[in-house]
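S.K.: Before anything else, here's the structure in question.
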């Protein structure tokens, strides 16, 4: 998949995120940081 991917969220995402336990929020944050740091992680494009 060439080029950089743009990651974005919706208002609804943040509403659900804030409802998660703190421990899960921290895990999600660490995994998101990893996603940004490792460019060769395989991702599926939503665009056809």
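Numbering (our numbering), first residue to last: 8 to 55. Note that beta-carbon positions come from the ideal geometry of N, C-alpha and C, so glycine has one too.
Note down the Cα distance separating residue 32 from residue 25, rounded to an integer number of angstroms.
M.R.: So the alpha carbons of these two residues sit roughly 8 Å apart.
S.K.: Would you tell me roughly how many angstroms separate the C-alpha atoms of residue 23 and residue 34, rounded to the nearest one?
M.R.: Approximately 15 Å, taken between the alpha carbons.
S.K.: With a floor of 4 residues, list each alpha helix (DSSP H) that falls wholly inside the segment 11 to 37, ordered by position along the chain.
M.R.: Within the segment 11 to 37, the complete alpha helix (DSSP H) runs of at least 4 residues are 18 to 26.
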